[in-house]
Amino acid sequence: MLNSLTGLGLSDLNPGAWAGSALPASSDVIDVHNPASGALLGRVALADVAQYERVVAEACRVQAEWRMFPAPRRGEIVRQIGDALRAVKVELGELVSLEVGKIRAEGQGEVQESIDIADFSVGLSRQLYGLTMHSERPSHRMYEQWHPLGTIGVITAFNFPNAVWAWNAMLAAVCGDAVVWKPSLKAPLTAIATHVVAEQVLAKHGWSGLFGLVIGRDAGVGETMIRDPRLPLISATGSVRMGRHVGQVVAGRLARSLLELGGNNAIIVEPDADLALATRAIVFAAAGTAGQRCTTLRRIFVHRSISGALIPKLVAAYGQIKVGDPLAEGVLMGPLIDAGAVEAYEHAITTALAQGGELLAGGRRLHGNFVAPTLIRAVRDMAICREETFAPILYVVEYDDLADAIHMQNDVPQGLSSSIFTNSFRSAELFLSAKGSDCGIANVNIGTSGAEIGGAFGGEKETGGGRESGSDSWKAYMRRQTNTLNYGTDLPLAQGIRFDVG
Ligand code: NAD
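Counting from 2, one number per residue, gives the positions in the sequence shown under the numbering used here.
This is how it looks when you write it as structure tokens:
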């Protein structure tokens with residue numbers, strides 16, 4: 002931790018100072034522990050509602066100016082934020098590892114994702130295009146333009162403590178919005194470091210306060226944020242339980258929400274699949290990040306004719322996954338985030354076995370928050386397979402018919418990510434067709450996790466329907482205005498309506 006903070010130039014920050022005058026130390030303090038070692042990493046003074054008020058008021062004040070600052074110039078500032086993240090990628094990535102237990106490569110990869118979305122947003126700042134339309138009326142012109150939405154509330158989950166903020170904040174900034182960020186209380190240190198890196202760039206250009214950070218409790222700060230009429234969009238990432246509540250509250254005030262919630266992702270392995278490729282993809286997608294990604298692979302459907310070949314390969318690969326200190330060389334899987342997550346892991350395994358599952362690999366806590374990656378042969382329609390357990394547990398189900406496998410894959414409440422392994426053009430296209438996967442992400446011959454930022458990211462059904470990151474996701478952060486101009490001397494009405502007076 003100290004190395005990371007020194008590298009980031011944050012070692013002399015005291016807990017109350019990082020968000021400037023907006024967040025003086027309060028008496029409500031939380032301890033942040035390293036999930037791998039249990040060591041105390043730091044103590045964070047939580048903001049109360051009065052402090053939240055100041056941060057939002059400041060963001061709204063700055064946004065009123067920022068929205069008129071030309072978009073390409075906003076992009077230039079985002080470019081510099083991307084460069085500032087580049088300069089501290091190693092240290093910030095290490096902090097992610099220390100705080101949430103990701104292995105070194107994944108901690109760095111997370112910061113790289115933030116850099117990538119900054120780069121993407123820079124280009125986007127010159128491409129916030131609207132359409133023009135031909136008017137049916139003579140001497141009229143119609144077009145649409147995209148205006149900034151305002152100040153955006155961003156709520157993030159613990160498992161992407163840096164990148165999910167960037168997906169939102171970098172796009173929102175080029176779109177002309179301010180952002181107020183409420184991170185998870187399980188990962189506040191990465192949020193502080195990330196915020197300070199961006200704030201230093203903003204302050205240099207006179208835009209201090211455009212990005213606000215409020216680390217507070219859900220019952221106080223969280224509830225105030227989702228009810229705040231100054232925030233026209235709440236972008237929330239986390240569990241379905243949280244999203245269901247946030248979505249309803251935000252809908253109740255007729256504002257917008259962008260929900261990125263839980264997944265229950267699956268891979269179908271067809272008889273003609275490249276099994277070596279499938280094995281590698283399955284193991285990374287299921288055990289990477291200790292099963293704590295929204296896109297983590299939770300179920301595989303294996304054609305009965307090849308299960309005898311694939312399952313032993315998976316069991317052997319599972320036996321080779323080195324679990325341990327996430328910053329140590331060669332380790333592929335770090336710890337779960339906390340004791341509650343370990344409990345959920347153990348509970349899911351007990352339930353799966355009680356429901357008829359057969360343990361093929363793993364199945365037990367190792368020590369502390371470390372657990373063994375687990376493979377369970379499931380029987381059809383096992384109730385536990387419908388739930389997202391945020392841990393490295395993979396259920397294996399055999400099938401005979403591709404249409405039935407697709408049906409089983411889709412027959413869950415969530416709809417985030419999915420893949421098929423096949424060398425058949427027909428099977429691949431069926432899987433990607435309208436009667437194929439019902440998920441927001443559908444892949445062929447790659448795993449369910451590790452999406453690139455260029456595509457729109459998100460899922461259907463209980464995953465919430467939001468789209469973040471690439472493609473045209475930026476439209477969620479802007480409001481569309483349709484303009485009709487009459488440059489003639491008549492006043493023709495649309496649809497041929499006549500309304501003559503005098
Ligand atoms: P969580 O739902 O416990 O918390 C997520 C965030 O919501 C936290 O910041 C939390 O403080 C906040 N929150 C909770 N109640 C709130 C309230 N009433 N008002 C305002 N904020 C509130 O989730 P978690 O354990 O941090 O993360 C794991 C979950 O997130 C998994 O379900 C995972 O699938 C999901 N996730 C989804 C995506 C995606 O893009 N679809 C990405 C990452 C994680």
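Each residue gets a CB set at the ideal place from its N, CA and C atoms; glycine is no exception.
Contact between the region 230–244 and the region 370–382 is absent: fewer than three C-beta pairs spanning the two stretches fall below 8 Å. In its chain, beyond the 5 residues on either side, no residue has a beta carbon closer than 7 Å to the beta carbon of Met69. Phe302 and Glu77 have their C-alpha atoms some 47 Å from each other.
A check of alpha carbon separations from His148 across Asp219, Thr483, Arg387 and Phe500 identifies Thr483 as the nearest. Nearest to Ala179 by alpha-carbon distance, out of Pro189, Thr195, Ala158 and Gly154, is Gly154.
Beta-carbon to beta-carbon, Thr464 and Ser419 are separated by about 11 Å, too far to satisfy the 8 Å threshold. Between the ligand NAD and His246, a heavy atom-to-CB distance of less than 7 Å is present. In the structure shown, His206 falls within a coil segment according to DSSP collapsed to helix, strand and coil. With fewer than three CB-CB distances shorter than 8 Å, the region 310–324 does not count as touching the region 344–352.
Of all C-beta pairs linking the region 421–436 to the region 326–344, fewer than three are shorter than 8 Å, placing the two stretches out of contact. In the three-state DSSP reduction, Ser115 falls in the helix class (H, G or I). Annotated as distal: Thr133 and Trp166, with beta-carbon spacing of 8 Å or more. Taking Gly456 as reference, the option from Leu433, Pro313 and Ser470 with the minimal CA-CA separation is Ser470. Cβ contact annotation for Ala60 (same chain, cutoff 8 Å, sequence separation greater than five): Thr152, Ala179, Val180, Val181, Gly210, Leu211, Phe212 and Gly213, in chain order. Taking the Cα positions, Gly437 is about 8 Å away from Ala404. When secondary structure is reduced to three states using DSSP, Gly213 falls in the strand class. The three-state reading of DSSP puts Gln415 in strand, counting E and B together.
Residue environment for Ser140: exposed (fewer than 16 other C-beta atoms within 10 angstroms of its C-beta).
The way I'd put it, the region 79–90 doesn't touch the region 248–261; fewer than three beta-carbon pairs between them come closer than 8 Å. In the three-state reduction of the DSSP assignment, Glu359 falls in the strand class. Put simply, the region 331–345 touches the region 100–114. At least three CB pairs are less than 8 Å apart. Per DSSP, the beta-bridge partners of Gly154 are Val181 and Ile235.
For Asp219, the shortest separation between its Cβ and any heavy atom of the ligand NAD lies below 7 Å. The C-beta of Pro189 has 16 or more other C-beta atoms within 10 Å across all chains shown, which makes the residue buried. For the options Gly364, Leu86, Asn35 and Tyr130, the alpha carbon positioned closest to that of Asp473 is the one of Tyr130. The secondary-structure analysis by DSSP pairs Ala267 across a beta bridge with Arg300 and Ser419. Put simply, the region 30–44 does not touch the region 86–94. Fewer than three CB pairs are less than 8 Å apart. A direct Cα-Cα distance of roughly 24 Å separates Arg281 from Arg366.
Taking the Cα positions, Ala435 is about 11 Å away from Ile407. Put simply, of Lys187, Pro374 and Gln410 the residue whose alpha carbon is nearest the alpha carbon of Leu42 is Lys187. Judged by DSSP secondary structure, Arg366 falls within the beta strand (DSSP E) whose first and last residues are Arg366 to His368. Using a 10 angstroms sphere on the CB of Asp412, the tally of other CB atoms stays under 16, which defines it as exposed. For Phe285, the CB contacts under 8 Å within the same chain, skipping 5 residues up- and downstream, are Gly448, Ser450 and Gly451 in chain order. In this structure, Leu186 has its CB closer than 7 Å to one or more heavy atoms of the ligand NAD. The C-beta separation of Val222 from Tyr53 comes to about 5 Å, placing the pair in contact by the 8 Å criterion. Boundaries for Ser474: no beta strand (DSSP E) harbours it, and the DSSP string shows neither H nor E there.
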